[in-house]
């Protein structure tokens, strides 16, 4: 009986320390991807910095210094903002 209680406690701890935070992070990422807007400065998972010029159902077009590049929406990692980096992104 004592081993069963320990097992249940262990599973509960693992859920609250590992699984739940991961689900919360995934929900935040999904919300971020759904709320992308034209003109927003972003960074892709590959490190490409640019401004969103077109947003489609599954893809986005990013304007970079080298030209325009098409990416999957899921490839957008984060927003490039002055609050995060302290200055306006280079144009």
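Numbering (the working numbering), first residue to last: -2 to 88. For glycine and all other residues, C-beta sits at the position ideal for the given N, C-alpha and C.
Here DSSP, grouped into helix, strand and coil, assigns residue 77 to coil.
Each residue's CA atom was taken as its position, placing residue 42 and residue 8 some 33 Å apart. Remark: C-beta atoms of residue 45 and residue 76 do not approach each other more closely than 9 Å.
For the 9 Å CB-CB criterion, residue 66 and residue 59 form a contact.
Put simply, the backbone Cα of residue 38 is about 10 Å away from that of residue 61.
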